[in-house]
Each structure stands twice: as C-alpha cells, then as structure tokens.
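Asker:
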Amino acid sequence: MRIMIIPLFVIFMVACSNGDVSEAQQQVNETSYSVNIPEHTSYDILSIWENESMSLDSLIVNYGHRASSEPNLEIAELADFEYVYGGYDGEPEINLEIHVSPTHPTHSEEVTIGDHTVEATQFGEDNENVSHHFPHGDYYYSIYYLGDEVTVEDAEAFTKQVLDEDVE
9 MRIMIIPLFV IFMVACSNGD VSEAQQQVNE TSYSVNIPEH TSYDILSIWE NESMSLDSLI
69 VNYGHRASSE PNLEIAELAD FEYVYGGYDG EPEINLEIHV SPTHPTHSEE VTIGDHTVEA
129 TQFGEDNENV SHHFPHGDYY YSIYYLGDEV TVEDAEAFTK QVLDEDVE
C-alpha cells in the first residue's frame, strides 16, 4: 500500500503543477493565436491578455510568483485589453509577447541561443535586464526578463525552450 501512495502522490503533484499551463493553453486556444504557451519551471503564469491595436496585435504572457490564489477581477475590469487567463496579483519576472507583425528592437545585437539567432537588448537603469526577439513559426516573439533574480543563463535557457518547442 505504501509503495502505491508515493507514485500516486508524484503523479498528483505533476498534474497540479501542469494544471495552470493546461488551463491557460485551453484559454489561448480559444483566441486567434495558434501558439503553445511554454511552462516555466520557476514561475507561475500571472496573466495572459490579448492586445488588439491597429499597430501591433499581440498576446502577452506574464510569469512571476503569485501573491494570490485567485485572479484579481478588478485588474481585468480596468484593463484596456482582453484578459485571456488569470489576472493574479504578483510581480512579473518575465513578459513574453507574441506578435502578429515583426518587431524591430533598437540597440540590439545578434546572439546565438542553441541553434537559433536572436536579437538581444539590454535595458533597465543599469542595463541589468535583457530581452530576446525572434521570429518563431507564424509569429514574432519578444521576451523581456524583468526580475532581479533572472540570470542571463536563466533567460537563455527559457528562450531556448521556447525556440525548441514545436510550432503548430
């Protein structure tokens, strides 16, 4: 009996940790975007929202540590965009933007991550933050690493994970 409980507990923990991404993916599947929402091993999805403007249609995914267990509905009501998922309180550590049209970062340099070439920029008060910009499938991705705890290695690993995912 004890031997069966441990594997069942492990399966339960994996299912719970992947549940948020599965639920978020289901919500994204109901939009016009045909993309996979990547799971991050250190951060939860705080929110996903769709920004439809004449200049730059995009799907924006915010990752961070949740400060609440329930979405903050007041945020969604005040927004000028359409919430797709979440709206959880918390400080965003990573901002993943998926654009329909190309983006052109300023002051960028080409870097290689895995087998892929991406445009990298540094930003912030002391250029302590990094962003990566690249085409992927039918879309154009911009990933902004905002948090102090996100290292360059962590940023490159997550960007590589996104690039290595199959596109629909």
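Everything in the sequence shown is counted per our numbering, starting at 9 for the first residue and increasing by one.
Where a beta carbon is used, it is the ideal one built from N, C-alpha and C, also for glycine.
Since the model is a prediction, treat every value here as computed from it, not as a measurement.
Does any residue of chain B bring its CB to less than 9 Å from the CB of residue 139?
Answerer: Chain labels in this structure do not include chain B; a single protein chain is all it has.
Asker: Can you find at least 3 beta carbon pairs, one from the region 114-131 and one from the region 36-43, that sit closer than 8 Å?
Answerer: Cβ pair count under 8 Å is below three, so no.
Asker: Starting from residue 104, follow the beta strand (DSSP E) in both directions and report where the run begins and ends.
Answerer: 100-107 is the span of the beta strand (DSSP E), which, as asked, contains residue 104.
Asker: DSSP three-state label for residue 146, please.
Answerer: Residue 146 falls in the coil class under three-state DSSP.
Asker: When the Cα of residue 111 is compared with those of 54, 149, 70, 144, which residue comes out closest?
Answerer: The candidate whose alpha carbon is nearest that of residue 111 is 149.
Asker: Can you tell me whether DSSP reads residue 158 as helix, strand or coil?
Answerer: Reduced to three states, the DSSP call for residue 158 is coil.
Asker: When you compare each of 166, 47, 153, 141 to residue 107 by their alpha carbons, which one comes out closest?
Answerer: Nearest option by C-alpha distance: 141.
Asker: Give the straight-line distance between the Cα atoms of residue 90 and residue 60, rounded to the nearest whole angstrom.
Answerer: Looking at the two C-alpha atoms, the distance is approximately 8 Å.
Asker: According to DSSP, residue 71 sits in a beta bridge with which residue or residues?
Answerer: 53, 102, per the DSSP bridge assignment.
Asker: For residue 75, count neighbouring C-beta atoms within 10 Å of its own C-beta (all shown protein chains included) and say buried if the count is 16 or more, exposed if not.
Answerer: Answer is exposed; the Cβ neighbour count stays below 16.
Asker: May I have the straight-line CA-CA distance separating residue 154 from residue 146, to the nearest angstrom?
Answerer: Those two C-alpha atoms are separated by around 25 Å.
Asker: Within 10 angstroms of its Cβ, does residue 46 collect 16 or more other Cβ (buried), or is it exposed?
Answerer: Its Cβ being crowded by 16 or more others within 10 Å, residue 46 is buried.
Asker: Where do the ends of the beta strand (DSSP E) carrying residue 124 lie?
Answerer: 124-131 is the span of the beta strand (DSSP E), which, as asked, contains residue 124.
Asker: Would you mind reading off the limits of the beta strand (DSSP E) that contains residue 120?
Answerer: First-last of the beta strand (DSSP E) with residue 120: 117-121.
Asker: By a C-beta neighbour count over all protein chains shown, 10 Å radius and 16 as the cutoff for buried, is residue 49 buried or exposed?
Answerer: Residue 49 is exposed by the Cβ-count criterion.
Asker: Can you tell me where the beta strand (DSSP E) with residue 90 in it begins and where it stops?
Answerer: Residues 90-94.
Asker: When the Cα of residue 115 is compared with those of 158, 173, 30, 130, which residue comes out closest?
Answerer: Residue 130 is the option with its Cα nearest to residue 115.
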